[in-house]
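Chemist:
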Amino acid sequence: MSLTSGRRPRGKRVRSHEAGAGWLFTAPVLVVLGLFLALPVGMAAWVSVSNWSGAGSPFSSDVSFVGGANYSELLAGGGLVTQDFGTALRNNLWYVLLVVPTQTVLSLGLAVLVGRQAIRGRGFFRTAFYFPSVTSSVAITVVFLFLFGASGSVNAALAKLSVDGPNWFNDPRGVLHLLLGAVGLDQAPEALASSGALGVSWWEWLSGPSVAMSTLIMLAVFTTSGTFMLLFIAALQNIPSEVNEAAMVDGANAWQRFRRVTLPQLRPTLFTVLTLGLIGTWQVFDQIYVGTQGDPAKTTVTPAYLSYTASFQQQNWGQGAAIAFILFAIIIVFTILQRAALRERTTVPRRKRYVVPASARPGEGGRP
Amino acid sequence: MRSPRPLALLACLATLSLTAACGGGSGFESDEAPEQQETTAAAGPVSLQVMIGSSGPAETDAVTAAVDAWASETGNEVEVIAATDLNQQLSQGFAAGSPPDVFYVSSDLVAGYANNGSLLPYAGELENAGDFYPNLVEAFTVDDEFMCAPKDFSTLGLVINNASWEAAGLTEDDLPTTWEELRDVATTLTTGDQVGLVTSAEYQRLGAFMAQAGGALVTDGAATVDSEANLEALQYVQSMLADGSMQLTGQVGAGWGGEAFGTGKAAMTIEGNWIAGAMTADYPDVDYQVAPLPAGPDGEASLSFTNCWGIAAESPSQAAATELVAFLTTPEQQMEFARAFGVMPSVEAAQEDFISEFPGFAAFVEQGDVAVTVPNAEGVSTVVADLNSQLQGLPDGDAAAILSSTQANLEAALG
Numbered sequence: 005m006s007l008t009s010g011r012r013p014r015g016k017r018v019r020s021h022e023a024g025a026g027w028l029f030t031a032p033v034l035v036v037l038g039l040f041l042a043l044p045v046g047m048a049a050w051v052s053v054s055n056w057s058g059a060g061s062p063f064s065s066d067v068s069f070v071g072g073a074n075y076s077e078l079l080a081g082g083g084l085v086t087q088d089f090g091t092a093l094r095n096n097l098w099y100v101l102l103v104v105p106t107q108t109v110l111s112l113g114l115a116v117l118v119g120r121q122a123i124r125g126r127g128f129f130r131t132a133f134y135f136p137s138v139t140s141s142v143a144i145t146v147v148f149l150f151l152f153g154a155s156g157s158v159n160a161a162l163a164k165l166s167v168d169g170p171n172w173f174n175d176p177r178g179v180l181h182l183l184l185g186a187v188g189l190d191q192a193p194e195a196l197a198s199s200g201a202l203g204v205s206w207w208e209w210l211s212g213p214s215v216a217m218s219t220l221i222m223l224a225v226f227t228t229s230g231t232f233m234l235l236f237i238a239a240l241q242n243i244p245s246e247v248n249e250a251a252m253v254d255g256a257n258a259w260q261r262f263r264r265v266t267l268p269q270l271r272p273t274l275f276t277v278l279t280l281g282l283i284g285t286w287q288v289f290d291q292i293y294v295g296t297q298g299d300p301a302k303t304t305v306t307p308a309y310l311s312y313t314a315s316f317q318q319q320n321w322g323q324g325a326a327i328a329f330i331l332f333a334i335i336i337v338f339t340i341l342q343r344a345a346l347r348e349r350t351t352v353p354r355r356k357r358y359v360v361p362a363s364a365r366p367g368e369g370g371r372p
Numbered sequence: 159m160r161s162p163r164p165l166a167l168l169a170c171l172a173t174l175s176l177t178a179a180c181g182g183g184s185g186f187e188s189d190e191a192p193e194q195q196e197t198t199a200a201a202g203p204v205s206l207q208v209m210i211g212s213s214g215p216a217e218t219d220a221v222t223a224a225v226d227a228w229a230s231e232t233g234n235e236v237e238v239i240a241a242t243d244l245n246q247q248l249s250q251g252f253a254a255g256s257p258p259d260v261f262y263v264s265s266d267l268v269a270g271y272a273n274n275g276s277l278l279p280y281a282g283e284l285e286n287a288g289d290f291y292p293n294l295v296e297a298f299t300v301d302d303e304f305m306c307a308p309k310d311f312s313t314l315g316l317v318i319n320n321a322s323w324e325a326a327g328l329t330e331d332d333l334p335t336t337w338e339e340l341r342d343v344a345t346t347l348t349t350g351d352q353v354g355l356v357t358s359a360e361y362q363r364l365g366a367f368m369a370q371a372g373g374a375l376v377t378d379g380a381a382t383v384d385s386e387a388n389l390e391a392l393q394y395v396q397s398m399l400a401d402g403s404m405q406l407t408g409q410v411g412a413g414w415g416g417e418a419f420g421t422g423k424a425a426m427t428i429e430g431n432w433i434a435g436a437m438t439a440d441y442p443d444v445d446y447q448v449a450p451l452p453a454g455p456d457g458e459a460s461l462s463f464t465n466c467w468g469i470a471a472e473s474p475s476q477a478a479a480t481e482l483v484a485f486l487t488t489p490e491q492q493m494e495f496a497r498a499f500g501v502m503p504s505v506e507a508a509q510e511d512f513i514s515e516f517p518g519f520a521a522f523v524e525q526g527d528v529a530v531t532v533p534n535a536e537g538v539s540t541v542v543a544d545l546n547s548q549l550q551g552l553p554d555g556d557a558a559a560i561l562s563s564t565q566a567n568l569e570a571a572l573g
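Which chain is which? The protein sequence lines are X and L, in order. Sequential numbering from 5 applies to the first sequence in our numbering. Sequential numbering from 159 applies to the second sequence in our numbering.
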């Protein structure tokens with residue numbers, strides 16, 4: 005209709021004509037999303053503020069609204085429920101703090117290595133690094149259970165080096181506590197032992213991941229690095245080589261080119277990888293369900309697993325749903341935080357980067 | 159899309175209308191209840207679903223055969239479903255309003271299902287209600303109502319490796335009957351690469367010592383975890399852990415007592431009769447015998463574990479389901495199950511038959527009279543799980559602190 009009238013600003017009128025067709029074409033997706041995404045989320049939200057006990061429909065008349073009771077019992081109840089939730093958060097926080105940076109750095113490193121033109125057998129290495137990602141996490145967990153058994157291959161290898169390996173999946177001691185113990189600090193300072201949050205003392209918050217959880221951390225890094233490596237390879241191939249060549253002409257060495265030229269251009273991919281990593285690690289469930297069931301001494305319980313046991317084993321469906329929503333809030337907060345951390349501060353938005361400095365910019369929307 | 163607002167609005171509207179439609183319509187409301195009442199009374203052939211959490215093909219086949227026999231005798235139709243994750247599949251059934259008619263329920267979950275109205279409290283009306291072991295009846299009694307008929311039961315016994323026993327110069331007269339004797343034989347059996355006694359660090363094993371000392375988690379509905387008796391029991395275990403005659407499964411790198419025993423890391427373990435299946439399947443070369451657990455300061459005691467045949471409150475064919483359960487819990491049928499997959503009959507009448515047929519497991523079934531069950535009140539399973547996580551630190555932990563924190567948790571759970 006207005007293809008020829010190039011001067012007309014693309015505005016409301018065109019859109020209103022096309023709107024009907026637009027909604028029509030998007031309707032199937034909207035219905036599917038509504039039915040399988042919005043509706044279940046809405047139901048879960050209702051369950052989290054109700055006293056539904058798992059029998060019959062959550063919308064039936066004998067289920068009543070209990071307000072924030074499920075949430076307050078989790079966050080401020082002070083009993084075993086709060087303590088379990090605090091322990092689960094502690095475990096998962098250490099898991100996230102260790103897995104996300106490690107897998108991001110490792111996958112970026114792998115991508116840079118196998119992305120080089122010079123390397124021989126690139127295809128082989130790419131496949132090898134990607135392989136753990138396409139294997140079922142259940143299968144890998146079972147393999148890890150064998151590898152890290154008390155008399156498994158890992159300990160056999162350590163024994164060859166005269167190292168007495170720990171009993172990986174059965175060792176509830178916190179890694180940070182072990183390190184502190186090695187320098188003589190094996191008793192909790194009074195200030196840390198006497199106070200805490202969510203029923204867990206600060207000393208326990210600072211325990212670090214247990215030895216068992218460390219094994220799961222290695223497993224997570226092992227399985228996910230390949231996927232993120234693929235994302236980084238794609239991003240690296242999108243970077244025009246001229247930029248790098250220009251930097252080379254300017255006399256930048258390899259590290260400077262990587263740090264000052266390549267890495268800034270990877271920012272969007274970095275954001276994607278970190279976000280996906282955060283979401284994946286906060287939701288860790290299958291390794292726990294298959295591998296440890298929360299043992300030893302609850303050091304591998306995560307909020308997602310706790311939500312499952314609260315619902316399916318104790319029939320506390322409201323509590324289980326409330327844990328899921330708190331987890332959702334945590335993931336959102338972390339994503340916002342890392343988005344703020346990755347924001348480009350010193351430059352104008354990329355779309356306008358070719359514009360002359362702001363002081364000399366002409367009036368709004370005036371760029372030809 | 160640059161401006162997401164109209165899209166979001168529409169999505170919201172779509173969601174709202176969908177939820178409204180669901181809330182207003184009958185899609186999620188179960189308004190079939192009156193209908194069900196009628197069919198309960200109605201006679202004639204019905205079709206039943208039986209869902210079991212099976213230990214393996216032997217159990218599935220035996221249950222299917224028994225159920226088929228009943229079906230052909232009564233003209234009903236019965237389908238046996240071996241669940242891969244029983245709790246999850248049951249929960250789905252209950253939430254959807256279409257649970258299986260008959261299913262396994264373990265004693266630690268019975269209160270949860272009873273209190274949300276999922277279970278039909280039929281067991282008190284069974285003809286053979288008085289035949290079950292009293293402690294099993296207690297395990298399935300919630301608010302003074304006998305919810306469901308015990309399917310079978312297991313107890314803990316002292317499992318002894320015969321080769322190690324003989325190598326240490328011990329004879330039948332040395333079978334331990336007191337805590338002191340247990341410590342003595344465990345010390346004798348402990349060698350460079352074998353520990354005298356290994357068991358899991360959990361209430362479901364160490365709780366036997368508590369019972370032998372006269373302690374319990376719950377007494378007359380009140381929490382009694384921090385009692386002198388329980389402390390004495392844990393301190394006895396700690397003293398054995400300290401002198402090396404006993405270790406926990408985690409310390410020897412085994413997943414459970416049976417693994418430690420089968421692989422020769424332990425000369426004795428405290429396990430239930432399910433160990434027989436594992437020994438036959440995984441460690442057929444290990445020759446072993448089963449003795450009753452020794453008596454403590456308060457006499458003989460063991461722990462027992464049990465499942466029941468639950469019937470769904472929403473089942474449209476409750477009468478037929480109850481008949482099926484009555485058939486499955488007869489002494490004859492329970493002996494069939496015992497032969498097929500090694501469980502112990504839940505009715506006292508079958509005890510003598512069982513002992514004469516399986517003399518090696520007499521120790522297990524004989525302890526049925528002195529065994530106590532894990533308390534079944536709602537919320538107790540979380541407390542026991544927490545106690546278990548603390549018991550993993552028992553070797554160098556503070557037994558009194560473990561008990562007092564569990565006491566506080568249990569008081570809160572029992573309300």
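We put the beta carbon where it would ideally sit given N, CA and C, even for glycine.
Would L/Q401 be called buried (16 or more neighbouring beta carbons within 10 Å of its own) or exposed?
Modeler: In the sequence as presented, Gln is not what sits at residue 401 of chain L; that position holds Asp. It is exposed - the Cβ of L/D401 has fewer than 16 other Cβ atoms within 10 Å.
Chemist: Could you tell me the alpha carbon to alpha carbon distance between X/V67 and X/A201, rounded to whole angstroms?
Modeler: Each residue's alpha carbon lies about 32 Å from the other.
Chemist: Using 10 angstroms around the beta-carbon of L/A558, count the other beta-carbons present and answer buried if the total reaches 16, otherwise exposed.
Modeler: Classification for L/A558: exposed.
Chemist: Taking three-plus beta-carbon pairs below 8 Å as touching, is the stretch 264–272 of chain X in contact with the stretch 100–108 of chain X?
Modeler: Counting Cβ pairs under 8 Å, fewer than three are found: no touch.
Chemist: Using a threshold of 8 Å, state whether the C-beta atoms of X/T145 and X/G295 are closer than that.
Modeler: Contact flag set, yes.
Chemist: Who are the Cβ neighbours of X/S141 in its own chain at under 7 Å, not counting the five residues just before and after it?
Modeler: Here the set comprises T227, D290 and Q291.
Chemist: Examine the ligand MN and report whether any of its heavy atoms sits within less than 7 Å of the Cβ of X/F40.
Modeler: Absence of the ligand MN from the depicted structure is noted, as is the absence of any ligand whatsoever, leaving it without description.
Chemist: When DSSP builds the beta bridges, which residues end up paired with X/F133?
Modeler: Answer by DSSP bridge pairing: none, since X/F133 is not bridged.
Chemist: Which same chain residues, not among the five before or five after X/G55, have their C-beta less than 7 Å away from its C-beta?
Modeler: For clarity, residue 55 of chain X is Asn in the given sequence; the question names Gly instead. Excluding residues within five positions, the ones whose Cβ falls inside 7 Å are V67, S68, V70 and G322.
Chemist: According to a CB-to-CB cut-off of less than 7 Å, which residues of the stretch 294–324 of chain X neighbour chain L?
Modeler: So the list reads P300, A301, K302, F316, Q317, Q318 and Q319, given in the order they occur along the chain.
Chemist: With 8 Å set as the bound, which would you pick, yes or no: does the beta-carbon of L/T222 sit closer than that to a beta-carbon of chain X?
Modeler: Taking Cβ atoms only, chain X never reaches closer than 8 Å to L/T222, which makes this a no.
Chemist: Could you check the C-alpha separation between X/F152 and L/Q352 for me, to the nearest Å?
Modeler: If I take the Cα positions, the gap works out to 22 Å.
Chemist: Please list the partners that L/Q246 has in chain X, where partner means a Cβ-to-Cβ separation under 8 Å.
Modeler: In chain order: F316.
Chemist: Looking at chain L, which residues of the stretch 164–176 of chain X have a Cβ within less than 7 Å of any of its Cβ atoms?
Modeler: The residues in question are N171, N174 and P176.
Chemist: Between the beta-carbon of L/F290 and the beta-carbon of L/P279, is there less than 8 Å?
Modeler: In this structure, L/P279 does not lie closer than 8 Å to L/F290 by Cβ.
Chemist: What three-state label does DSSP hand X/N320 in the structure shown?
Modeler: X/N320: coil per DSSP, three-state reduction.
Chemist: Would you mind telling me which residues of chain B sit closer than 9 Å to X/G203, beta carbon to beta carbon, in chain order?
Modeler: The structure shown contains no chain B; its protein chains are X and L.
Chemist: How is X/M233 classed by DSSP in three states: helix, strand or coil?
Modeler: Residue state, collapsed to three classes: helix.
Chemist: For my contact list, X/A216 and X/P136 are in at a C-beta cut-off of 8 Å; report their separation, rounded to the angstrom.
Modeler: With 8 Å as the limit, X/A216 and X/P136 do not qualify as a contact, their Cβ atoms being about 20 Å apart.
Chemist: Where does L/V530 sit, in a helix, a strand or coil, going by DSSP?
Modeler: It is a strand residue.
Chemist: Assign L/F519 to one of three DSSP states: helix, strand, or coil.
Modeler: DSSP places L/F519 in helix when its eight states are reduced to three.
Chemist: Taking a contact to mean a Cβ-Cβ separation below 8 Å, would you say L/G315 touches L/Q492 in this structure?
Modeler: Going by C-beta atoms, L/G315 is not nearer than 8 Å to L/Q492.
Chemist: Using a beta-carbon distance cut-off of less than 7 Å, what residues from the stretch 79–110 of chain X approach chain L?
Modeler: Listed in sequence order: G83 and L84.
Chemist: Taking Cβ positions only, does X/A115 come closer than 8 Å to chain L?
Modeler: So, not an interface residue.
Chemist: Kindly list, in the order they appear in chain X, the residues whose Cβ is closer than 7 Å to that of L/A449.
Modeler: Under the 7 Å cutoff, chain X gives no residues; its nearest Cβ is about 28 Å from L/A449.
Chemist: Return no unless some Cβ of chain L is closer than 8 Å to the Cβ of X/G119.
Modeler: No, because no Cβ of chain L sits closer than 8 Å to the Cβ of X/G119.
Chemist: Specify, as a first and last residue, the run of the alpha helix (DSSP H) that X/W209 falls within.
Modeler: Counting along the chain, the alpha helix (DSSP H) containing X/W209 begins and ends at W206 to W209.
Chemist: If I'm right that L/P455 touches L/A371 with Cβ under 8 Å, what's the distance once you round it to whole angstroms?
Modeler: So it is a contact: roughly 5 Å between Cβ atoms.
Chemist: Would you say X/G153 faces chain L, with C-beta separation under 8 Å as the test?
Modeler: Interface residue, yes.
Chemist: Assign L/M159 to buried or exposed, taking buried as 16 or more other Cβ atoms, counted over all protein chains shown, within 10 Å of its Cβ.
Modeler: Summary for L/M159: the model assigns pLDDT 40, below 50, so the residue's position carries little reliability, and this model does not support an answer.
Chemist: Helix, strand or coil for X/L43? Go by DSSP, reduced to three states.
Modeler: Correct three-state label for X/L43: helix.
Chemist: By Cβ distance, which residues of its chain are closer than 7 Å to X/R130, with the 5 residues on each side in sequence left out?
Modeler: Hits under 7 Å: V118.
Chemist: Ignoring anything shorter than 4 residues, give me the alpha helix (DSSP H) runs that lie fully in the stretch 257–293 of chain X, in order along the chain.
Modeler: Entirely contained in the stretch 257–293 of chain X, the alpha helix (DSSP H) runs reaching 4 residues are, in chain order, 271–286.
Chemist: So, are the CB atoms of L/A387 and L/G373 less than 8 Å apart?
Modeler: Result yes, Cβ atoms of L/A387 and L/G373 sit closer than 8 Å.
Chemist: Leaving out five residues before and five after L/A570 in sequence, what residues of the same chain have Cβ atoms less than 6 Å from its Cβ?
Modeler: Once the five neighbours on either side are set aside, L/A570 has no close Cβ partner at all.
Chemist: Are the beta-carbon atoms of L/M398 and L/A344 separated by less than 8 Å?
Modeler: Yes, these two residues count as a Cβ contact at 8 Å.
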